[in-house]
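End of the sequence shown sits at 405 in our numbering; the numbers just go up one at a time, nothing left out.
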Amino acid sequence: MRLVRIFIVALLFASTSLAQAQSKRIVIAASVVLDGKGQVLRNTRIVIQGSKIVAIDPKAEPVDYDLRGLTVLPGWIDSHVHLTWSFGPDGRNAGAGGTTQEAALGAASNAWVTLMAGFTTVQSLGSPQDIPLRDAIAKGQLPGPRILTAAQPLMGRGAETGTPEEIRAFVRAQKAAGADVIKIFAANSPRRPEPTLSQEQLNAACDEARKLGLRTLVHAYKDAVRLATNAGCTQIEHGPLASDADLKLMAQKGTWLDAQAGLVMENYLLNKDKFLGTPGFPEEAFPLIKEIIPIYHEFMKRALKIPGLKLVFGSDALAGSHGRNAEEFIDRVRDVGVEPMAAMVSANSLAAEAMGLSDQIGSIAPGLQADIIALDGDPLKDITAVRRVVFVMKGGVVYKNSAR
Ligand SMILES: [Zn+2]
Numbered sequence: 002m003r004l005v006r007i008f009i010v011a012l013l014f015a016s017t018s019l020a021q022a023q024s025k026r027i028v029i030a031a032s033v034v035l036d037g038k039g040q041v042l043r044n045t046r047i048v049i050q051g052s053k054i055v056a057i058d059p060k061a062e063p064v065d066y067d068l069r070g071l072t073v074l075p076g077w078i079d080s081h082v083h084l085t086w087s088f089g090p091d092g093r094n095a096g097a098g099g100t101t102q103e104a105a106l107g108a109a110s111n112a113w114v115t116l117m118a119g120f121t122t123v124q125s126l127g128s129p130q131d132i133p134l135r136d137a138i139a140k141g142q143l144p145g146p147r148i149l150t151a152a153q154p155l156m157g158r159g160a161e162t163g164t165p166e167e168i169r170a171f172v173r174a175q176k177a178a179g180a181d182v183i184k185i186f187a188a189n190s191p192r193r194p195e196p197t198l199s200q201e202q203l204n205a206a207c208d209e210a211r212k213l214g215l216r217t218l219v220h221a222y223k224d225a226v227r228l229a230t231n232a233g234c235t236q237i238e239h240g241p242l243a244s245d246a247d248l249k250l251m252a253q254k255g256t257w258l259d260a261q262a263g264l265v266m267e268n269y270l271l272n273k274d275k276f277l278g279t280p281g282f283p284e285e286a287f288p289l290i291k292e293i294i295p296i297y298h299e300f301m302k303r304a305l306k307i308p309g310l311k312l313v314f315g316s317d318a319l320a321g322s323h324g325r326n327a328e329e330f331i332d333r334v335r336d337v338g339v340e341p342m343a344a345m346v347s348a349n350s351l352a353a354e355a356m357g358l359s360d361q362i363g364s365i366a367p368g369l370q371a372d373i374i375a376l377d378g379d380p381l382k383d384i385t386a387v388r389r390v391v392f393v394m395k396g397g398v399v400y401k402n403s404a405r
């Protein structure tokens, strides 16, 4: 398992180790640094050598980037996006599985705008087309966030999904195809939340993944949340309609929660003309989508009250919301009452921990990747500052600098 982890990390950071060989030294001056773990550092300098942070030293010179007056923090991590999901050439929802040149360019564009919005790592869940995109970015052929992906998701379809042995074989096939994580659909929607996989099927999926050293992210609502938690799966995606007892069980078992506060649903409404009439989006879906937003709010409010429950940041960005991932922070703080610092940490050290990458990303500290962003404003006082990303560095390379 350890070897597997080392191999994945080696792949993820292959391009940055090339940059490191060139070993350029960069000093960033900052007046306010959120370290990604909930601490604020003031009037200091961050020293970068190659792709990594090597020191926090207020006396380091010469200064290459003066980010004083801004809020500096680790590049954000979005635990749930769909980079291959775009609007097509006709401007309408084209889904996430396209294989045309337009679809490929759309995915590359989505990766670019996501990076420009301050997200230096994302988990893109559920399309085999994520793999060539991930690899092109890792090789430095395209700009974009680091990508972890699930390749093909396991679609829960009751008995049709297969026997436990068939499910195990499916999980092994995703691993062989290059998946970093296994995505599982164990329910449909908040409107049809009934489990689509049995306890035995979920046990097989999550156990096989664990044996291969892969995490399991389970799309679940209501009772499926409990089944996935009992199966020892790593993380629940979405989760509404789960009971407090289910949430307590998650906290007790250390199961991560990746719930959403609104962006994903707001985006369907905002871009209704582009989704309407495409598969899964008949006219009658839109009033239901509107009704789901308060259900999501209520759920996250309850989740916040469960001691020890670990809530990571995942926007579920898809066509129309790529590059607007940070709106989810605003929803969390404004509509759900999440503390601004907790919102930031959920997309920094906490998200890194959920991915098993705490020693690589998610904090500003010596030894970690130089993934550093700066906001024009203070998100702790005004959460809309997350919209004003003026500096983006990933692995020691500056991709955006409109700070001055
Ligand atoms: Zn999703």
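Every residue, glycine too, gets a C-beta built ideally from N, C-alpha and C.
The structure displayed is predicted, hence computed values, not measured ones.
* **Euclidean distance between Cα positions of residue 84 and residue 169** => For the purposes of this step, residue 84 is taken as the residue at position 83 of the sequence shown. For the purposes of this step, residue 169 is taken as the residue at position 168 of the sequence shown. If I take the Cα positions, the gap works out to 27 Å.
* For the alpha helix (DSSP H) containing residue 274, list its first residue and its last residue. => One-based indexing of the sequence shown puts residue 274 at position 273. Unbroken alpha helix (DSSP H) run through residue 274: 273 to 276.
* Which residues count as close to ligand 1 when the rule is a CB under 6 Å from any of its heavy atoms, in chain order? -> 81, 83, 126 and 317
* Ignore the nearest five residues each way along the sequence and tell me which others in residue 119's own chain have a CB closer than 7 Å to its CB. => Looking up residue 119 in the sequence shown gives position 118. So the list reads 76, 77, 327, 374, 390 and 393, once near-sequence residues are dropped.
* Residue span of the beta strand (DSSP E) that contains residue 298, given as start and end -> Residue mapping note: residue 298 aligns to position 297 of the sequence shown, counting from 1. That residue, residue 298, is in no beta strand (DSSP E); its alpha helix (DSSP H) goes 286 to 305.
* Is there contact here, the stretch 47 to 57 with the stretch 342 to 358, by at least three beta-carbon pairs under 8 Å? -> no
* Hey, residue 275 and residue 111: beta-carbon distance below 9 Å or not? -> For the purposes of this step, residue 275 is identified with residue 274 of the sequence shown, where counting begins at 1. For the purposes of this step, residue 111 is identified with residue 110 of the sequence shown, where counting begins at 1. No.
* Ordered list of alpha helix (DSSP H) runs contained in the stretch 231 to 280, each at least 4 residues -> 245 to 254, 264 to 271 and 273 to 276
* Asked: What are the residues that DSSP puts in a beta bridge with residue 120?
  -> Residue mapping note: residue 120 aligns to position 119 of the sequence shown, counting from 1. Paired residues: 77.
* **Closest by C-alpha distance to residue 403, when choosing among 339, 377 and 266** => Sequence index remark: in the sequence shown, residue 403 carries index 402 (1-based). Cα-wise, what sits closest to residue 403 is 377.
* To do: Ignore the nearest five residues each way along the sequence and tell me which others in residue 103's own chain have a CB closer than 6 Å to its CB.
  => Looking up residue 103 in the sequence shown gives position 102. Counting only Cβ-Cβ distances below 6 Å, and skipping sequence neighbours, we find 90.
* Asked: Which residues mark the beginning and the end of the alpha helix (DSSP H) in which residue 212 is found?
  -> On the sequence shown, position 211 is the one that residue 212 refers to. Taken as a continuous stretch (DSSP letters only), the alpha helix (DSSP H) holding residue 212 covers 200 to 212.
* When you compare only the Cα positions, how much space is there between residue 297 and residue 64? -> As a first step, residue 297 is located in the sequence shown; it is residue number 296 there, counting from the start. As a first step, residue 64 is located in the sequence shown; it is residue number 63 there, counting from the start. Rounded to the nearest angstrom, the two C-alpha atoms are 45 Å apart.
* Host beta strand (DSSP E) of residue 42 (start-end) -> The residue labelled residue 42 in the question sits at position 41 within the sequence shown. Its beta strand (DSSP E) spans residues 41 to 50.
* Enumerate in chain order the residues of its own chain whose CB-to-CB distance from residue 229 is below 7 Å, with the five nearest sequence positions on each side excluded. => One-based indexing of the sequence shown puts residue 229 at position 228. 187, 203, 219, 221 and 237.
* Assign residue 164 to one of two classes, buried (16 or more other C-beta atoms within 10 Å of its C-beta) or exposed (fewer than that). => On the sequence shown, residue 164 is found 163 positions in, with the first residue counted as 1. The residue in question, residue 164, is exposed, as its Cβ has fewer than 16 Cβ neighbours within 10 Å.
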